[in-house]
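What follows is a single structure, written as structure tokens, with notes after it.
Number of protein chains: 2
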Amino acid sequence: MLDYDHLAALSAILRTGSFEKAARQLGLTPSAISQRIKTLEERVGAVLVVRGQPCQPTSAGQRLFRHAEEVALLEAGLGRDLGAFEGMAKTPSLRLAVNADSLATWFVPAMASVDAFLYDLVLDDQDHSAGWLRRGEVRAAVTGSPQAVQGCDCRYLGRLRYLATASPAFMTRWFPDGVTPERLAVAPTMTFNIKDTLQSRWLAQAFAADISPPTHWLPSSHGFVDATMAGVGWGMNPEILVGNAIASGRLATLIPDCPLDVPLYWHWSRSAGPALKVLTDAVLATARRLLEQDPS
Amino acid sequence: MLDYDHLAALSAILRTGSFEKAARQLGLTPSAISQRIKTLEERVGAVLVVRGQPCQPTSAGQRLFRHAEEVALLEAGLGRDLGAFEGMAKTPSLRLAVNADSLATWFVPAMASVDAFLYDLVLDDQDHSAGWLRRGEVRAAVTGSPQAVQGCDCRYLGRLRYLATASPAFMTRWFPDGVTPERLAVAPTMTFNIKDTLQSRWLAQAFAADISPPTHWLPSSHGFVDATMAGVGWGMNPEILVGNAIASGRLATLIPDCPLDVPLYWHWSRSAGPALKVLTDAVLATARRLLEQDPS
Numbered sequence: 046m047l048d049y050d051h052l053a054a055l056s057a058i059l060r061t062g063s064f065e066k067a068a069r070q071l072g073l074t075p076s077a078i079s080q081r082i083k084t085l086e087e088r089v090g091a092v093l094v095v096r097g098q099p100c101q102p103t104s105a106g107q108r109l110f111r112h113a114e115e116v117a118l119l120e121a122g123l124g125r126d127l128g129a130f131e132g133m134a135k136t137p138s139l140r141l142a143v144n145a146d147s148l149a150t151w152f153v154p155a156m157a158s159v160d161a162f163l164y165d166l167v168l169d170d171q172d173h174s175a176g177w178l179r180r181g182e183v184r185a186a187v188t189g190s191p192q193a194v195q196g197c198d199c200r201y202l203g204r205l206r207y208l209a210t211a212s213p214a215f216m217t218r219w220f221p222d223g224v225t226p227e228r229l230a231v232a233p234t235m236t237f238n239i240k241d242t243l244q245s246r247w248l249a250q251a252f253a254a255d256i257s258p259p260t261h262w263l264p265s266s267h268g269f270v271d272a273t274m275a276g277v278g279w280g281m282n283p284e285i286l287v288g289n290a291i292a293s294g295r296l297a298t299l300i301p302d303c304p305l306d307v308p309l310y311w312h313w314s315r316s317a318g319p320a321l322k323v324l325t326d327a328v329l330a331t332a333r334r335l336l337e338q339d340p341s
Numbered sequence: 046m047l048d049y050d051h052l053a054a055l056s057a058i059l060r061t062g063s064f065e066k067a068a069r070q071l072g073l074t075p076s077a078i079s080q081r082i083k084t085l086e087e088r089v090g091a092v093l094v095v096r097g098q099p100c101q102p103t104s105a106g107q108r109l110f111r112h113a114e115e116v117a118l119l120e121a122g123l124g125r126d127l128g129a130f131e132g133m134a135k136t137p138s139l140r141l142a143v144n145a146d147s148l149a150t151w152f153v154p155a156m157a158s159v160d161a162f163l164y165d166l167v168l169d170d171q172d173h174s175a176g177w178l179r180r181g182e183v184r185a186a187v188t189g190s191p192q193a194v195q196g197c198d199c200r201y202l203g204r205l206r207y208l209a210t211a212s213p214a215f216m217t218r219w220f221p222d223g224v225t226p227e228r229l230a231v232a233p234t235m236t237f238n239i240k241d242t243l244q245s246r247w248l249a250q251a252f253a254a255d256i257s258p259p260t261h262w263l264p265s266s267h268g269f270v271d272a273t274m275a276g277v278g279w280g281m282n283p284e285i286l287v288g289n290a291i292a293s294g295r296l297a298t299l300i301p302d303c304p305l306d307v308p309l310y311w312h313w314s315r316s317a318g319p320a321l322k323v324l325t326d327a328v329l330a331t332a333r334r335l336l337e338q339d340p341s
């Protein structure tokens, strides 16, 4: 068997980015950490960590990191069945990929209801979070893709509803005679990052025309809302974040009753499945409550 | 002189990540975009774009991208002095590095008050945003460093005040007999990412002890606040974001009157200086209003 204290040193380095911080986190000296990694590397016969600011895993290091997390999750299940025992792993860390808008709208209540883990969240676009799972870098993910990843299970969560919104002053300035393709071609919009296609998908859905408006780039869910309110541009915002502002007139929809719904899915690694069951249940229940559900 | 329409094609590719999206944005065919890049590369004698998902600049491509942005800024100044004229560049894009907590607290009003630019925001930790400026990848930055970057000017903005906060339920569960180093060593905290040292700096300031609590990882300013409210962990949150929640009792400070102040600085590239003046003025005025100022 591998020495799991040594694996814990590897995990701590990859989470904190440095040997010094890992040493502090584990209550060891940096040279003890260094020695553990050296022993592991000799044992496995491969370099595991590329030293740098921050330290990065090699592909072998990434694979061992994943293994350490899976074993800690299994051990946590043991603790639940047998009761905590001497020498048991502490609260296991769980790396998840979540899209920024889910984190900003409905995911926090789900994670807050399960305190069995230390959460290690990776943010990425809903169309790219499945990649993290496919590469084995996370144990579960909220994604926009229904396509099952090898070794993973998948459940439909519901739809996150987006509304094309702008401030009343922005509407008056840029759309005095209505929201037309011609005006949309010159009114500034906002884009989260190069992975964000929501604005262009909504334009295609609403106008069936190929419109490329000038755009700001703003990689933050709440930053998007704040900048929309401040009149920087129009943008696709989750209804959960802007519903109140629309009701009170601080924001307006570009076109009434023209939402864009993005279906979301929860994928989780089968090998971590039993340990993840309690979180999967919480995620499904919270999504049922907060996301748009299909009529049954 | 270079052909600036060709440079515009390069900028559009690097902003959108693909030849196809750049073509749509500029109203050209992808093959026209491709031809422009090829001509530019022959002219400069270097590859400019590494094709991929997304397309990335080479170092020569990065340098030209910066030049194109600087020229567009200069041209915008010309437009202000002479009035808009035929063939003038459209609203110039301006790439800035801002730390996430500044964007979440005080930066949006500053940028919203200046509509002369399409903002292209890069988010990074306040201790790392100066690196973006040093590498020439942004024209200005909000950073935690007073150290002037070559070719740049720098002004002090004030201090962003952080409070160590937790939910009342979290306080009862983890600190029933007060906030002590012993309890802080086991109560879960939250860390933004591996660049975030706020929690450990506050612990060192408050206890002069080396405490390494178990930590969640959560790379989102508002996610941090939401997770603090939901009792996931304690964390350093900007007073601007949590002041109301503390006043109404939905959040508590771990130790009363024990803030951590982070000084912030505005750095801007001198070559873009005149064009940036209006934004610099707005940033300084907004910071004066919303950040903690030193007694004069």
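Chains as they are written, first to last, in our numbering: chain A, 46 to 341; chain B, 46 to 341. All C-beta atoms in this analysis are idealised placements derived from N, C-alpha and C, irrespective of residue type, glycine included. Only a predicted model underlies this, so the values are computations on that prediction, with no experimental measurement involved.
Check, Outcome
"Nearest candidate by alpha-carbon position, reference A214 (chain B), set B:L127, B:L47, B:M274, B:M156", "B:M274"
"Range of the contiguous alpha helix (DSSP H) that encloses T188 (chain B)", "Where T188 (chain B) is concerned, there is no enclosing alpha helix (DSSP H), although the beta strand (DSSP E) it sits in stretches over 185-188."
"Interface flag, T61 (chain B) vs chain A, CB-CB below 8 angstroms", "yes"
"Distance, A155 (chain A) Cα to R295 (chain A) Cα", "29 angstroms"
"V159 (chain A) to P221 (chain A) span [Cα, whole Å]", "49 angstroms"
"Neighbouring residues, chain B, relative to V153 (chain A) (Cβ below 7 angstroms)", "G268, D271, A272, A275"
"Buried or exposed by the 16-neighbour rule on C-beta atoms within 10 Å, applied to K66 (chain B)", "buried"
"Partner residues on chain E for Q70 (chain A), Cβ-Cβ distance less than 7 angstroms", "No chain E is part of this structure, whose protein chains are labelled A and B."
"Own chain residues within Cβ distance below 8 angstroms of A342 (chain A), not counting five before or after", "The structure shown has nothing for residue 342 (chain A), since chain A only spans 46 to 341."
"Chain A contact for W177 (chain B) (CB, 8 angstroms cutoff)", "no"
"Endpoints, beta strand (DSSP E) assigned at P258 (chain B)", "Premise fails: P258 (chain B) is in no beta strand (DSSP E) and is neither H nor E."
"P308 (chain B) - DSSP class collapsed to helix/strand/coil", "strand"
"Between the CA atoms of Y201 (chain B) and A175 (chain B) - distance to the nearest angstrom", "14 angstroms"
"L139 (chain A) vs F110 (chain A) beta-carbon contact at 8 angstroms", "no"
"Neighbouring residues, chain B, relative to K135 (chain A) (Cβ below 8 angstroms)", "P259"
"Listed by chain order, chain B residues near S341 (chain A) by CB distance under 7 angstroms", "Those within 7 angstroms of S341 (chain A) in chain B number zero; the least Cβ separation is about 29 angstroms."
"Distance between beta carbons of Y207 (chain B) and L305 (chain B), contact taken as under 8 angstroms", "5 angstroms"
"Status (buried if at least 16 other CB within 10 Å, exposed otherwise) for A68 (chain A)", "buried"
"Coil, strand or helix - G203 (chain B) by DSSP", "strand"
"Same chain, Cβ closer than 7 angstroms to A317 (chain A), neighbours up to 5 away in sequence not counted", "E115, L118, R184"
"DSSP bridge partner residues for G280 (chain A) (one or two, in chain order)", "A:T210"
"Interface flag, M281 (chain A) vs chain B, CB-CB below 8 angstroms", "no"
"Continuous beta strand (DSSP E) assignments of at least 3 residues falling wholly in the region 105-144 of chain A", "138-143"
"Listed by chain order, chain B residues near I58 (chain A) by CB distance under 7 angstroms", "In chain order: nothing, as chain B lies at least about 10 angstroms away."
"Classification of Q192 (chain A) by the beta-carbon crowding that lies within 10 angstroms, buried from 16 upward", "exposed"
"Cross-chain neighbours of I239 (chain A) in chain B, by beta carbon under 7 angstroms", "T61, G62, P99"
"Closer than 9 angstroms at the beta carbon, the chain B residues around A253 (chain A)", "The contacting residues do not exist; A253 (chain A) stays about 15 angstroms from chain B at best."
"Distance CB(L166 (chain A))-CB(W247 (chain B)) smaller than 8 angstroms", "no"
"CB contact check: D165 (chain A) to chain B, cutoff 8 angstroms", "yes"
"Burial state of A342 (chain A), where buried means 16 or more other Cβ atoms lie within 10 Å", "Since the first residue shown for chain A is 46 and the last is 341, residue 342 (chain A) is missing from the structure and cannot be characterised."
"A253 (chain B) classed as buried or exposed, judged by whether at least 16 other C-beta atoms fall within 10 angstroms", "exposed"
"The region 183-199 of chain A: positions lying closer than 8 angstroms to chain B by Cβ", "none"
"A157 (chain A) beta carbon less than 8 angstroms from that of A272 (chain B)", "yes"
"Partner residues on chain A for M46 (chain B), Cβ-Cβ distance less than 8 angstroms", "Residues of chain A passing the Cβ test: none, with the nearest at roughly 25 angstroms."
"Identified DSSP bridge partners for T234 (chain B)", "B:T260, B:W279"
"Interface residues of chain A facing A157 (chain B) [CB-CB closer than 8 angstroms]", "A272, A275, G276, V277"
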